[in-house]
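Heads up, the thing below is written out as structure tokens.
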Amino acid sequence: MKNEVSVDKAELIPAAKKMLAEKARFVTASCLDLRDKFEVIYHFEPRENPEPLTHIRVKIAKGDSLPSISNLYLCAALIENEIQELFNIKISGIALDFQKRFLRARESPEAELLKPTPYVSQPPMRLPVRCGEACPAGIDIPRYVRLIGEGKIAESLAVIKQAMPFPGILGRVCFAPCEHDCRQYKQEEPIAIRMLKRFAYDHATYEEKKPTNRSGKRVAVIGSGPAGLGAAYYLAKMGHGITVFEALSKIGGMMRVGIPEYRLPRKVLDDEINMVKNLGVEIKTDTKVESLDNLFKDGYQAVLIAIGAHQGIKMRVEGEDHPKVIECIDFLRDVNFGRKVDLGNRVAVVGGGNAAIDAARTTRRLGAKEVTVFYRRSRAEMPASPSEVEEAIEEGVKIEFLALPKKVLSKNGTLSLENFRMKLGEPDASGRRRADLIKGSEFSVDVDTIITAVGQRPEIPEQFELRIGPANTIVVDIETLATSKKGVFAAGDVVTGPASVVQAIAVARTAAIAIDKYLGGKGVLPIWEVRVNEPTSRHTFLERWQKKDKRVEMPRLSTEKRLQGFDEVELGLSQAVAVAEGQRCWRCDLEE
Amino acid sequence: MAVRTVIPFGPQHPVLPEPIHLKLELEDERVVGVMPIIGYVHRGIEKAAELNTFRQNTNLFDRICGICSFIHGQTYCQGVEALMGVEAPPRARFLRTFWSELSRTHSHLLWLGLLADCMGFESLFMQIWRAREIVQDLSEMTTGHRVIQASSVVGGVRRDIDKDMAKEVDKRLVALKEMLDSTVAPALFHDATIKRRAVGKGMLSKEQAELLGAVGPTARGSGVAKDIRQTGYAAFKEVGFEPVVETAGDSYARTLVRARETYQSIEIMRKALAMMPEGEILVRVDGYPEGETVSRCEQPRGEVFYYLKGNGTNHLERVKVRTPTFANVPTYLVMLPGCEMADVPVITLSIDPCIGCTER
Amino acid sequence: MRMLPTIVKNLFSRPVTRRYPFKDIREPFPGYRGRIYWDASKCDLCGDCARVCPSEAIKVSLGNSQITYDPFKCIYCGTCVETCLPRAINQDKHYTKPAANKQKEVITISA
């Protein structure tokens, strides 16, 4: 404060005398409890002008006594009595001494002196948010949405990269559990978090910091899918030498062979893979790993198995061994490798997940005229993303709900798929309603090709000698992801069964930490702080008066253009639209 | 032979509106000594302020007192804004001026009614409180509550007064002025009974007022021309302000100061509404308060003083409040001895005690 | 004698007081800070109102999907109304009526 002077206990009375000589008015005295001592500040007002005030500060130790100035200023007697009583300080020589009966009657009970609350200066608090907790990878979602809303795109990309290495891929294919948990979902306007992530990736660049020290250890990663590449990224950052073994001739795992090009352009995928390669990771294609012991003999100290789940599950109906009944993942792999597939004009796809919809839309692009998807439950129970289903219907895919294949008949080259009609029954363990057969309701559909997409399972070579669990997945320890063999870890779809890209990347991080600890490291991922000038509180009161906006619409290619090839369907947001969407966020992580 | 008795006056007494406790030492019918004791309604507000966040404290400080409520909140918000380096927007400053003058009108009318009541003049008391109803209706119309305005927040004010409401407010202020002219003015300024009960009672000379640190109408009734509104906080610089001063130093002078201030407040309110600029009423306040500051405003009873200390967290470390009645209570020590016992209520009431404020 | 015109005028004019609560009840002005009530379909149990409330009159229980509101602790400041982002809390202009015992209100929120 301006005009303050600190004095000792002995100089207090002379200073007060000086104030009296200047005819200053005594305003009041404030007492503060500074943990180990008290501080009393006497405020005086000068005679002529109301400002500036003069402040005299005195510090005394606890248990010490203070001389009273009430002999000079009688009006100070009241406040000194109060300080004496409230703070338990002894003030000697007060003109009107109430002897600690100022605030209490004779009969009132003794009160306890409350201790001061210990406050530690702390940075502004951030509250737990629903979108952040829903993300399996733990990305700091409210922060990066807020930064886009302020126009700081590069910082936003840096925040995403803090938690997850592949924003380009997830910005296009993530199924976004965060959007379902957004608080504005109840009013049907959740923030378009995935589109903003894609916008940040498209419009900003991020410098990857190369690892500085090498540990000298080598790790082999089998499989170059999202789990394998993610683990390679993290382990390379921690300084290990990584080699990724890929059995196919192209890198990317399910991201390349399962997800079609119109959802994830190959350029984006290749850019992300090159980013991993630039960290010093060696990727060997066309190399199928036959034996784990050979890897250990070649000098690798740890092995991570991330081969994914690529083997299709059979429908288990009669007649499905016909050559024109093809499995979905095989079909998509053939298409993505550029091999020709003869589909004919009428195609039936059996299944209701994202793989089935991807296959159906791909067949439309390859020229099939009538494509029908057969799913045994209704639309509400379909596991595919609603926007994918909508786009499929726009592209002319028909969906036959409540139909379960019974058998496949073939006569002169045409297949006939006989189905049962289903009806919905009670909910099962997962909460979705069960499908019950209606007896005698069979109907047949004539098609040229049948694609089955009812599920996938991992295919684990027997010579790995690992313990296998239910649904042909590898059994691992939950925290360390270690398998039954020493030095061998497993992560991704091969452990959980078919899941999603973001879950594979999230578990790759756990695997990298576990492998680092196994190799003798501390298991600490290098994280670079993003320092940016951002607000620390919400501003609900002012923003309530603004008009409420709706959720942004992603511009898409027209249906005719889409079916002409495999160009990307979603076109991306412009800067103004993305910034407006970022400002629509309610900023649930900030305090009010 | 004189008989000395000590009688307690208050805290519960039919004529007293406030729970102040005075120990009167009487010799026959004359008061020879007085000891004011306060603490009947101590609620520990300064301690409670340490447990709230600095934004929630506004609600706490609005409720230290009922009639000086808005100005407590305003002083606190001004202090926190000074700590955080934020300037309230101009329209908010004018609105704060309007509501603080509304508080002042309310308080002075209440006090004038109580003065009439303690003299026994019940019908004047009722008439003045009828005028006060207009003020309370204005408060309800503009802020949402008749007594606790709770409009000031850190960074500005919460509610706005748009053009239609401003016209309505102006109409009612004119009606209030007419009602005052017909009830208060002839009684206070010309009535012989009131003059006989108030003139010459409770003398406080200018030197005594300065030495004892009296503030507000108590000091201005004795010739000390000090008013914090002269420093020009809120919109007082734009509206322009001169303090109302009387020199007689007795209870009647203090009554006249308050009556004249009521008229002055109505004028200031009408001027503030007319001069209010367009703009926003709330500005964004980000971060946590750190540092020390002193904030002072003029309440109806005098100068209220806030000392705030922040340490960079969401909670303020110390808030010290010194209300004007706390500074005016020592004047009892010179005003009361020498008067007769029947004059004690009028003199006690003439400093306008507000014990809820004093003993936060 | 000077009082005579005043006496006569007051004898023949109607009283100024209102016969509350039997007739002549004035409606509160719009914007009066009265009763607080919830819109159960909009609330998503975030807990902001409970954090901001100066008198701790609101308790949010995520497990039971319930909000417990104590109208006798509430000071009707309106801060929760301003803080609620889905605008589930609103303030009426009619005040809470007095009651015989202090009972808290429990509002169940649907998913």
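Protein chains in written order, with our numbering: chain E, 1 to 592; chain G, 593 to 952; chain Z, 953 to 1063. Every residue gets a Cβ at the ideal spot worked out from N, C-alpha and C, and that includes glycine.
Q) Name the DSSP bridge partner or partners of L449 of chain E? A) Sequence check: residue 449 of chain E is Thr here, not Leu. Per DSSP, E:V347.
Q: Ignore the nearest five residues each way along the sequence and tell me which others in E693 of chain G's own chain have a CB closer than 6 Å to its CB.
A: S857, I860 and M861
Q: Can you say whether S843 of chain G is buried or exposed, counting buried as having 16 or more other CB atoms within 10 angstroms of its CB?
A: buried
Q: List the whole-angstrom C-beta distance separating V347 of chain E from D448 of chain E, where the pair is believed to meet the contact cut-off of C-beta under 8 Å.
A: 7 Å
Q: Could I get the ranges of all uninterrupted alpha helix (DSSP H) runs contained in the stretch 761-812 of chain G, with 4 residues as the minimum, in chain order?
A: 784-790, 798-803 and 809-812
Q: Assuming E39 of chain E and R57 of chain E form a contact by the criterion Cβ under 8 Å, report the distance between their Cβ atoms to the nearest whole angstrom.
A: 6 Å
Q. Which residues mark the beginning and the end of the beta strand (DSSP E) in which E45 of chain E is found?
A. K37 to E45
Q | Q583 of chain E - DSSP class collapsed to helix/strand/coil | A | In this structure, Q583 of chain E counts as helix in the three-state DSSP scheme.
Q: Report the residue from E:E442, E:R544 and E:N3 whose alpha carbon sits nearest the alpha carbon of K423 of chain E.
A: E:E442
**Q.** N920 of chain G at chain Z interface by Cβ criterion, 9 Å
**A.** no
Q | M627 of chain G, enclosing beta strand (DSSP E) - first and last residue | A | R622 to I629
**Q.** Buried/exposed call for Y984 of chain Z, threshold 16 Cβ in 10 Å
**A.** buried
(Q) Based on DSSP bridge pairs, tell me the residues matched to N903 of chain G. (A) G:E882
Q | Contact list for K863 of chain G against chain E, beta-carbon separation under 7 Å | A | Within chain E, no residue comes near K863 of chain G; the closest Cβ sits about 22 Å away, beyond 7 Å.
**Q.** 6 Å CB neighbourhood of L590 of chain E in its chain, flanking five on each side removed
**A.** These residues qualify, in order along the chain: S537 and R538.
Q. Does the beta-carbon of V1058 of chain Z have 16 or more other beta-carbons within 10 angstroms, so that it is buried, or is it exposed?
A. exposed
Q.
By alpha-carbon positions, which one of G:S797, G:M868, G:R724 and G:Y924 ends up nearest to T775 of chain G?
A. Of the listed residues, the one whose Cα sits closest to T775 of chain G is G:R724.
Q.
Quick check on Q583 of chain E - is its C-beta less than 9 Å from some C-beta in chain Z?
A. no
Q) Any Cβ of chain G within less than 9 Å of the Cβ of Y972 of chain Z? A) no
Q) Listed in chain order, which residues of the stretch 904-919 of chain G have Cβ atoms closer than 8 Å to some Cβ of chain E? A) From the stretch 904-919 of chain G, only G904, T905, N906, H907, E909, R910, K912, R914, F918 and A919 have a Cβ closer than 8 Å to chain E.
Q) For a contact meaning CB atoms closer than 8 Å, what does H737 of chain G contact in chain Z? A) Under the 8 Å cutoff, chain Z gives Y984, R985 and Y1028.
Q: Answer yes or no: do C1032 of chain Z and V1004 of chain Z have a C-beta to C-beta separation smaller than 9 Å?
A: Result yes, Cβ atoms of C1032 of chain Z and V1004 of chain Z sit closer than 9 Å.
Q | M422 of chain E, enclosing alpha helix (DSSP H) - first and last residue | A | From DSSP, M422 of chain E is part of no alpha helix (DSSP H) but of the beta strand (DSSP E) over T414 to P427.
Q | Buried versus exposed, by CB contacts within 10 Å (16 or more), K152 of chain E | A | buried
Q: Could you tell me the boundaries of the alpha helix (DSSP H) in which V960 of chain Z lies?
A: L956 to L963
Q. Between Z:L997, Z:C1029 and Z:K1049, which lies nearest to A1040 of chain Z when the distance is taken from Cα to Cα?
A. For the residues Z:L997, Z:C1029 and Z:K1049, the minimum Cα distance to A1040 of chain Z belongs to Z:L997.
Q: Using a Cβ-Cβ cut-off of 9 Å, state whether F1024 of chain Z counts as contacting chain G.
A: no
Q | A777 of chain G at chain Z interface by Cβ criterion, 9 Å | A | no
Q) Using a Cβ-Cβ distance under 9 Å, would C588 of chain E count as near chain Z? A) yes
Q.
When you compare the CB positions of I283 of chain E and T452 of chain E, do they come within less than 9 Å of one another, or not?
A. no
Q: Give me the Cα-Cα distance between G736 of chain G and G636 of chain G, rounded to the nearest whole angstrom.
A: 27 Å
Q: Name, in chain order, the residues that DSSP records as bridge partners for L525 of chain E.
A: None; L525 of chain E has no bridge partner.
Q) So, using beta-carbon positions, are V831 of chain G and A864 of chain G closer together than 9 Å? A) The Cβ-Cβ distance between V831 of chain G and A864 of chain G falls below 9 Å.
Q. Does the stretch 402-410 of chain E touch the stretch 312-319 of chain E, meaning 3 or more C-beta pairs lie closer than 8 Å?
A. yes
Q: Buried or exposed for V5 of chain E, please, with buried defined as at least 16 other CB atoms from any protein chain shown within 10 angstroms of its CB.
A: exposed
Q.
Any beta carbon from chain E within less than 9 Å of G805 of chain G's own beta carbon?
A. yes
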